[in-house]
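Let me begin by presenting the structure, written as structure tokens, before commenting on it.
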Amino acid sequence: MLTTTTTPQGAHPAAKLRPQPSSHTAPQRDATQATAARTPLWSAARQLTAAHAKEFFKYWRKVAKSFDAEDIHDLRVASRRLREALALFADCFPEKTVRRLRKRVKQVTGILGEMRNTDEALLFFGSLSSTEREPAQAELDLLAAQLQKEREAARQKLAKDLGNLRPTPLKRAIRSELAGPELFGNRRTDPFQSLAIFADEALARRAAPVADLLPQALFEANAGAQHRLRIAIKRLRYRLEILEALFTRDYQELHAALKGYQEVLGKLHDLDVFADLVLHRVEDGSGQQHLLRVITARRSRLFAEFRHKLDQISVDAIGPRARRAL
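Each residue of the sequence shown is one higher than the last, beginning at 1 in the working numbering.
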């Protein structure tokens with residue numbers, strides 16, 4: 001049986017399933033990891049998916065009350081982790097049911113996206129230095145006013161769309177799915193295999209796209225490959241988080257490395273979005289060209305940071321190392 005412990009607010013659900021150093025001796029931690037590794041897949045699937053669903057609905061309640069930017073971010077992340085848990089353990093449950101649930105959770109992710117993008121644009125253009133702002137001050141003032149109006153419209157749309165979705169039916173559907181794993185006659189997976197055996201192949205599946213995309217992403221101009229690599233890294237990171245209880249070593253290092261890659265590639269993608277915004281929303285002229293030069297310079301510095309990370313721990317090595325650490 002996977003054990004649970006109390007965690008600080010905001011920690012992801014996998015943290016609840018790992019032994020806590022402050023309250024366990026090394027032999028106790030080893031015993032807990034061994035127990036988690038031996039847990040039958042069907043049982044682990046129910047527990048881990050339920051833990052992520054609980055986090056998802058907790059943040060949904062918070063967003064419905066506050067519409068705070070940080071809460072919206074937390075709900076987006078929680079929705080993605082829940083989708084990853086549903087994908088990871090999909091073969092343990094009826095196929096059509098899982099597909100419907102993933103689609104419904106993805107709706108929530110999508111609803112939150114527009115407001116997040118507007119917030120990020122406001123934050124970026126508002127944080128430019130005086131030197132970066134001055135040659136395009138008039139254009140930036142106009143753009144900021146437009147984005148503020150769009151943010152308020154997005155906030156109202158978010159409130160309406162989330163209200164229309166309603167969490168209770170989805171919560172009941174997830175609870176019903178978890179109550180009925182396919183234990184016998186399951187031709188897609190062996191629900192009685194240990195979680196540890198299942199986890200090795202599960203990590204390999206998420207690590208493969210990272211290794212495949214890396215060579216293309218090394219070309220600075222290949223923004224599309226860098227965007228796809230970011231998504232592949234994000235999915236591998238969430239899978240590590242779900243399976244954290246199985247790690248015997250190196251989890252913190254590998255998780256931090258994935259998070260670092262995801263952040264720098266995410267910033268690269270944001271800059272590409274901001275450049276497109278300037279091209280289509282800022283009037284042609286010297287102000288527009290100045291802003292594009294500012295974005296290009298920042299992007300080059302970020303890409304150099306991405307290349308530097310590869311010298312520290314190459315992203316395509318993280319998946320194989322994670323498998324060896326189980």
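Note that beta-carbon positions come from the ideal geometry of N, C-alpha and C, so glycine has one too.
Using DSSP with H/G/I as helix, E/B as strand and the rest coil, what is residue i?
i: Ser194; result: strand
i: Pro94; result: coil
i: Pro135; result: helix
i: Pro215; result: helix
i: Pro181; result: coil
i: Ser314; result: coil
i: Thr4; result: Note that Thr4 scores 37 on pLDDT, short of 50, meaning its location in the model is unreliable; the coordinates nonetheless yield the value given after this. Here Thr4 sits in coil by DSSP.
i: Thr25; result: Model confidence at Thr25 stands at a pLDDT of 47, short of 50, so the residue's coordinates are unreliable and nothing is read from them.
What does a CB cutoff of less than 8 Å around residue i pick up in its chain, not counting 5 residues either side in sequence?
i: Leu75; result: Phe56, Tyr59, Trp60, Lys62, Val63, Val108 and Leu112
i: Ser300; result: Glu220
i: Ala204; result: Gly319 and Arg323
Within 10 angstroms of the Cβ of residue i, are there 16 or more other Cβ atoms? Answer buried if so, exposed if not.
i: Arg172; result: exposed
i: Pro362; result: Residue coverage of the chain in this structure runs from 1 to 326, which leaves residue 362 outside it and unanswerable.
i: Arg175; result: exposed
i: Asp311; result: exposed
i: Leu229; result: buried
i: Ala53; result: buried
i: Phe184; result: exposed
i: Ala245; result: buried
i: Ala44; result: buried
i: Thr39; result: buried
i: Ala297; result: exposed
Does the Cβ-Cβ distance between residue i and residue j come in under 8 Å?
i: Pro191; j: Glu182; result: yes
i: Tyr238; j: Val315; result: no
i: Asp119; j: Arg151; result: yes
i: Phe198; j: Ala325; result: no
i: Ala202; j: Leu86; result: no
i: Glu132; j: Val294; result: yes
i: Ser194; j: Ala50; result: no
i: Leu240; j: Ala322; result: yes
i: Arg338; j: Arg235; result: With the chain running from 1 to 326 in the structure shown, residue 338 is simply not present.
i: Ile318; j: Leu277; result: no
i: His308; j: His269; result: no
i: Phe67; j: Arg166; result: no
i: Ala223; j: Asp272; result: yes
i: Leu302; j: Lys267; result: yes
How close, in whole Å, do the beta carbons of residue i and residue j come, if the pair is a contact with beta carbons under 8 Å?
i: Ile356; j: Glu84; result: Outside the shown range of the chain (1 to 326) lies residue 356, about which nothing can therefore be said.
i: Phe306; j: Leu265; result: 7 Å
i: Ala225; j: Ala217; result: 4 Å
i: Ile313; j: Ala221; result: That belief does not hold up - the Cβ atoms of Ile313 and Ala221 are roughly 25 Å apart, past 8 Å.
i: Ala48; j: Thr189; result: The question names Ala, but residue 48 is Leu in the sequence shown. So it is not a contact: roughly 15 Å between Cβ atoms.
i: His290; j: Ala196; result: With a Cβ gap of about 56 Å, His290 and Ala196 do not count as contacting.
Going along the chain, which residues of its own chain have a beta-carbon closer than 7 Å to the beta-carbon of residue i, five neighbours each way excluded?
i: Phe125; result: Leu140, Leu143 and Ala144
i: Ala90; result: Val98
i: Gln288; result: Glu139, Val278 and Val282
i: Leu147; result: Thr118, Ala121 and Leu122
i: Ile348; result: Outside the shown range of the chain, which is 1 to 326, sits residue 348, and nothing can be said about it.
i: Leu292; result: Ala275 and Val278
i: Arg104; result: Leu170
i: Lys106; result: Arg83
i: Leu101; result: Leu86, Ala173, Ile174 and Glu177
By Cβ distance below 6 Å, which residues in the same chain neighbour residue i in space, the five residues on each side in sequence not counted?
i: Arg46; result: Leu178
Consider the Cβ of residue i: report whether some Cβ of chain C lies at a distance smaller than 8 Å.
i: Pro169; result: You won't find chain C in this structure, because it holds only one protein chain.
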